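These protein sequence lines are chains H and L, in that order. To convert, note that position 228 of the first sequence is 227 in numbering that gives the first Met the number 0; the numbers rise steadily by one, no gaps. To convert, note that position 357 of the second sequence is 356 in numbering that gives the first Met the number 0; the numbers rise steadily by one, no gaps. Below is one structure, written out as C-alpha cells, with a few remarks after it.
Number of protein chains: 2
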Amino acid sequence: MTHSCRTLRSFSRAVVNAHYDGRMPRRSAEDRAPSQVDVARAAGVSTQTVSRVISGHPNVRPETARRVMAAVDAVGYRWHAAAASLASGRTRTIGVILVSTARYSTSAILLGAEGAAAEAGYTVITASVPQHSGPAAFTDAFDRLERQGSEGIVVLAPVGFLAEALGSRVERTPTVGHRQSDGIGADALIDQRAIARMATEHLLDLGHRTVWHVSGDEFWQESSARRDAWEAVLLERGATPPPVIPGDWSPASGYRAGRTIAAIPDATAVFVSSDEMAFGVIRALHEARRAVPGEISVVSVDDIALAAYATPALTTVRQPFEEVGRAAAMRVIELIEQREPVSVEPLRPELVLRASTAPPKG
Amino acid sequence: MTHSCRTLRSFSRAVVNAHYDGRMPRRSAEDRAPSQVDVARAAGVSTQTVSRVISGHPNVRPETARRVMAAVDAVGYRWHAAAASLASGRTRTIGVILVSTARYSTSAILLGAEGAAAEAGYTVITASVPQHSGPAAFTDAFDRLERQGSEGIVVLAPVGFLAEALGSRVERTPTVGHRQSDGIGADALIDQRAIARMATEHLLDLGHRTVWHVSGDEFWQESSARRDAWEAVLLERGATPPPVIPGDWSPASGYRAGRTIAAIPDATAVFVSSDEMAFGVIRALHEARRAVPGEISVVSVDDIALAAYATPALTTVRQPFEEVGRAAAMRVIELIEQREPVSVEPLRPELVLRASTAPPKG
DNA sequence: ACCGGAAATGTTTGCGTTCACATTATGACG
DNA sequence: CGTCATAATGTGAACGCAAACATTTCCGGT
Chain H
0 MTHSCRTLRS FSRAVVNAHY DGRMPRRSAE DRAPSQVDVA RAAGVSTQTV SRVISGHPNV
60 RPETARRVMA AVDAVGYRWH AAAASLASGR TRTIGVILVS TARYSTSAIL LGAEGAAAEA
120 GYTVITASVP QHSGPAAFTD AFDRLERQGS EGIVVLAPVG FLAEALGSRV ERTPTVGHRQ
180 SDGIGADALI DQRAIARMAT EHLLDLGHRT VWHVSGDEFW QESSARRDAW EAVLLERGAT
240 PPPVIPGDWS PASGYRAGRT IAAIPDATAV FVSSDEMAFG VIRALHEARR AVPGEISVVS
300 VDDIALAAYA TPALTTVRQP FEEVGRAAAM RVIELIEQRE PVSVEPLRPE LVLRASTAPP
360 KG
Chain L
0 MTHSCRTLRS FSRAVVNAHY DGRMPRRSAE DRAPSQVDVA RAAGVSTQTV SRVISGHPNV
60 RPETARRVMA AVDAVGYRWH AAAASLASGR TRTIGVILVS TARYSTSAIL LGAEGAAAEA
120 GYTVITASVP QHSGPAAFTD AFDRLERQGS EGIVVLAPVG FLAEALGSRV ERTPTVGHRQ
180 SDGIGADALI DQRAIARMAT EHLLDLGHRT VWHVSGDEFW QESSARRDAW EAVLLERGAT
240 PPPVIPGDWS PASGYRAGRT IAAIPDATAV FVSSDEMAFG VIRALHEARR AVPGEISVVS
300 VDDIALAAYA TPALTTVRQP FEEVGRAAAM RVIELIEQRE PVSVEPLRPE LVLRASTAPP
360 KG
C-alpha cells in the first residue's frame, strides 16, 4: 500500500481513494470472461436482445429467450453489474450505516432490511461507525456508501446530531433514519414514545405510586424519547417523576442501576429501557434481597429471545426489529423510485406480559 | 414489475435479473454529474492525471495534486465506482452470506468483517439465507453476491453441505467459511473442538464423573464438531458419554433440554453448546428445584454480554466473534490479492470461569 | 391480399473510468 | 554541459452493458 501526498488530507475525503496498491494488468483477450457479445454470437441474435433477455424485459419471443439462455449456459456468461450500472446509471444498491456494537437488535434490523431489499432486487452494503462517534464518522460512512454507488441510505443509529451532520447530503441521496424527528425525510419507523407510555402505564395500572426509570445510552435518541414520554405519563397521572438513573444499554450498566434502586426503600416499580439492562437490574436487586416482582416490578423494552428466560421472565415491550429493518429498506427504495409509500403507519410496539411485574404489596 | 418468460426458470438462475421495472431515461448532458473530464478541464490537466490523484497513485507532483483536488471541490466531482470497476476489472467488494437468524454472534462477526474490510479498502455486501435452507439457497446467495461483483465471499454458515453445494464456484471466487473442514479453501477460523474440550475438561477436572451435553442445531457443523470432541474427551478420560440431548441454539430448546436433565437423578454436570440455551437449561433446572451449581454444574459457549448476568453467572467458553469476522474478511482479501496469509493460527477460545460450575457434592 | 399497429429484433452510441503506451520534464552524474 | 534514468504528464483505447432510435416481423381485420 503506497500512499502519496499527505497534503491532500485537507481536501474532500469524500473523493479520495486511499487504497492504491499497484496496477492490475488488464486481462488479455483470451481469458476475458464471456460477455453479452459472446452470448449474442452463440445465439445468433444481437447483444441488445441478449440484454433484454437477461434483464427480463418484455417483448422477447419465448423461443428467442430460450435460445439466448442456452447460449448463456453454453459460453458460461455472467452478468457484469458494474458495466450495467455504468450504462444505466443505476446500481440498485442501498447502504446501511450501523453502529458497531454487536447486539441482537442490530442483526435483526439488518437482516430485515437485507431481506426486504433483496425482494425488491436491491443489494445492501454496510458501513459501520464506532460507538459514540462524532458527526464526522457518520459523514464519512455516508460518503463511503455514496461512493460505492448507494442510491439510498438507511441510518440505523438514531443519534441527535444526524440531521445536521448529514446536512445537504440527504437531498441528493434518499435517506431514512429511525425516526421522523431526524428530519431526514423518513416517517417514524417505530413510536418510541408509545413504548415508554405502554411500559409506564402498565406499572401505574398495577397500582404503583410512581415508576423509576433506567435510561439507555444518551447517545441514542431513543433514550431521551422514552425518558420524556415516561415523565409525561407520570405527570399526566399525577405521579412525581423520580430522578432518572442513567444506563448505557449494557447489562453492566443495568447492574449498577439496580444497585442504586436497591438502596431506595420506597421504589416499587422500574421501567428499564432495554432487556439487557433489565437482566443487570434484576441481578443487582436479587443480590440485595429485593424480590422481583414481590417488592419491585421491572418492565423493560425489546423482547429479545432471552427475555422469557430471565428469572423472573421479563415483562417487556416488544420492538418488531425485523419489521423495522424491512420498513426502513422499503421506505428508501420507495424514495429512490419516487413511489408513494405503501404504508406510513409507524410500527406498533406490543406489551408482553410475563412475570417481572406485579401489583405493589399491601 | 413485469416479468416475462416463465419458461426461462429452468436456465441459470445465476444470470437472470428478475427486476425489470421500466426504463430509466438517460440523463441529459446538462444535469449529468461532473466527471473526471470536468475536473481535468478545471484543473488544466489530463483526465489521467485526475484519475491518478483520485486513486492515490504515486508520481504526481504535490502541486498538481493540489490543483486537481481544488478542481474536484470546485466542480463538485464525485468518484464513480461502477465506471472504475468496469475499467479496472476490480470491485473491491466482498460478499457475506449469513443465515437470517438474529443473534448476537451474527452481528458481532459481521461487524468484525465489515471493519476489517473497510480498513483494507473493501466494501461488504450481504446476502441472507433463511434458517434451515437447503443447498439451493446457498448457491443462490452465492450467485447473487457474485453477480454484484464480489471478488471474494465469506460464508457465515458452517453447514455440512456447503462444500458440495458451492461446488466449483469456490474455484473462481475465493471463499472462506468458518472451518477448515468446509473444504472451501479457508483455514480454521476458530477451533470448535477446542471449545468442547475446554468445557468438558473443566467439568471433569472439577471432579464430575461424566458430563451431559446439550447440542446445538444439527444444521450447523459446530454442533457435531463440539459433540464429537465432547465425546472424545469423555472416552479419553474413561468416562461414559451419556446420550446427547438435542437443542437448536434457542433458549426454548435449552429449556426443554433442562427439563430432561432435571429428570435424570445422577446428572451433575452439563456442557451446553450456547449461552442462550444455557439460560433455558438453568431456568428449567431452577423450576425443578435442582440447584445450579449446587447439584448440577453448567458450562456453555459464547460468552455473550448477558452471560455474566445469568443467575448464576455463566461459566462459559468465550468465542472471539468479532475477531472471527475480522479474520474471515482478512483471509478472503488475502486470497483475492493472492497474498500469503498474515496468520494461519486459529483463534483461541477462552474459558471464562464464573458461578455456574462447582465440584460435585460429597 | 392488403394494411396498420404492435411486437420483436437490430444498430449505434455513450456511460466514466483505468490501462497501456507515448511523450515530455526533471535532476543526478560524469 | 550533455546524457541518462526516472518522474511527471498526456493520448488513445477499451471495459461490458443498456438507452435511444431504427428496422423488420408478425398478426388481426378488412
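The beta carbon of each residue, even a glycine, is placed where N, CA and C say it ideally should be. Note that this is a predicted model, so its numbers are computed, not measured.
The alpha helix (DSSP H) spanning Leu144/H covers which residue range?
-> Leu144/H -> alpha helix (DSSP H) spans Pro134 to Arg146.
DSSP state of Arg25/H, grouped into three classes?
-> In the structure shown, Arg25/H falls within a coil segment according to DSSP collapsed to helix, strand and coil.
Residues of chain H with CB under 8 Å from Pro33/L, in chain order?
-> Within chain H, no C-beta atom comes less than 8 Å from the C-beta of Pro33/L; the nearest is roughly 11 Å away.
Kindly identify the DSSP beta-bridge partner or partners of Asp301/L.
-> Under DSSP, the beta-bridge partners assigned to Asp301/L are Arg317/L.
Within 7 Å (strictly less), CB to CB, does Glu113/L reach chain H?
-> Output row for Glu113/L: interface = yes.
Helix, strand or coil for Ile124/L per DSSP?
-> In the structure shown, Ile124/L sits in a strand (DSSP, three-state: E or B).
Proximal residues of chain L, C-beta to C-beta of Gly279/H below 8 Å | Near Gly279/H (Cβ distances below 8 Å), the residues of chain L are Tyr308.
Indicate whether at least one CB of chain L lies closer than 7 Å to the CB of Trp78/H.
-> Closer than 7 Å: yes.
In the DSSP assignment, what are the bridge partners of Val269/L?
-> DSSP, once it has assigned bridges, lists Trp211/L and Val297/L as partnering Val269/L.
Could you tell me whether the Cβ of Pro250/L comes closer than 7 Å to any Cβ of chain H?
-> Chain H contact via Cβ: present.
Please name the residue in His131/L, Ala119/L and Gly151/L whose C-alpha comes closest to that of Thr367/L.
-> Coverage of chain L is limited to positions 0 through 361, which leaves residue 367/L absent and any answer about it impossible.
Report the option in Phe160/H, Arg353/H, Gln337/H and Ala328/H whose CA atom is closest to the CA atom of Ile93/H.
-> It is Ala328/H.
Indicate the three-state DSSP secondary structure (helix, strand or coil) for Gly184/H in the structure shown.
-> In this predicted model, Gly184/H has a pLDDT of only 41, less than 50, meaning its place in the structure is not dependable enough to derive any value.
is_contact[Arg171/H, chain L] using C-beta, thresh 7 Å = Closer than 7 Å: no.
Whose Cβ in chain L lies nearer than 7 Å to the Cβ of Gln147/H?
-> Result: Ala80 and Thr122.
Are there 16 or more other CB atoms within 10 angstroms of the CB of Val341/L, so buried, or fewer, so exposed?
-> Answer is exposed; the Cβ neighbour count stays below 16.
Using only alpha-carbon positions, find the residue among Met68/H, His18/H and Ala86/H that is nearest to Ala41/H.
-> When Met68/H, His18/H and Ala86/H are compared, the shortest CA-CA separation from Ala41/H is found for Met68/H.
Would you say the beta carbon of Val298/H comes nearer than 6 Å to a heavy atom of the ligand GDP?
-> No copy of the ligand GDP occurs in the structure displayed, which carries no ligand at all.
Compare the C-beta of Arg8/L against all C-beta atoms of chain H and say whether one is closer than 7 Å.
-> Residue confidence is low: Arg8/L scores 48 on pLDDT, short of 50, so the model does not pin down where it sits. Its coordinate-derived value is still stated next. No, its Cβ sits nowhere closer than 7 Å to a Cβ of chain H.
Report the rounded CA-to-CA distance for Val331/H versus Trp219/H, giving the unit in angstroms.
-> Between the C-alpha atoms of Val331/H and Trp219/H there is a straight-line separation of about 21 Å.
Ala224/L versus Gly159/H - alpha carbon distance = Each residue's Cα considered, the two are about 46 Å apart.
Name the two residues that bound the continuous beta strand (DSSP E) containing Ile93/L.
-> Note, Ile93/L: beta strand (DSSP E), Thr92 to Val98.
Per-residue DSSP class, three states only, for Cys232/L = Here residue 232/L turns out to be Val, not Cys, going by the sequence shown. Taken through DSSP and simplified to helix, strand or coil, Val232/L comes out as helix.
Within 7 Å, strictly: CB atoms of Val291/L and Val269/L = When the beta-carbon positions are compared, Val291/L and Val269/L stay at least 7 Å from each other.
His201/H versus Ser54/H, Val351/H, His18/H and Ala13/H, residue with shortest Cα-Cα distance | With distances taken between Cα atoms, His201/H lies closest to Val351/H.
Spatial distance of Val98/H from Leu165/H (CA atoms) = Going from the Cα of Val98/H to the Cα of Leu165/H covers about 16 Å.
Under the assumption that Leu110/L contacts Glu322/L (Cβ atoms under 8 Å), give the Cβ distance between them as a whole number of angstroms.
-> Wrong, their Cβ atoms sit about 11 Å apart, outside the cutoff.
In the structure shown, what three-state DSSP assignment does Leu352/H receive?
-> Of the three classes helix, strand and coil, the one that applies to Leu352/H here is coil, per DSSP.
Please list the partners that Glu275/L has in chain H, where partner means a Cβ-to-Cβ separation under 7 Å.
-> Chain H residues near Glu275/L: Ala304 and Leu305.
Ile295/L and Leu284/L: beta carbons closer than 7 Å?
-> Yes, the Cβ-Cβ distance between Ile295/L and Leu284/L is below 7 Å.
Cutoff 7 Å: Val213/L Cβ touching any chain H Cβ = Output row for Val213/L: interface = no.
How many angstroms separate the CA atom of Val169/L from the CA atom of Gly88/L?
-> In a straight line, the C-alpha of Val169/L is about 19 Å away from that of Gly88/L.
Provide the residue span of the alpha helix (DSSP H) that contains Val74/L, from first to last.
-> Taken as a continuous stretch (DSSP letters only), the alpha helix (DSSP H) holding Val74/L covers Pro61 to Val74.
When the Cα atoms are used, what is the spatial distance from Val49/H to Gly55/H?
-> Roughly 10 Å between the two C-alpha positions.
On a CA-only basis, which of Asn16/L, Val14/L, Ala70/L and Ser45/L is nearest Val14/H? Give me that one, please.
-> From the listed residues Asn16/L, Val14/L, Ala70/L and Ser45/L, the smallest Cα separation to Val14/H is found for Ala70/L.
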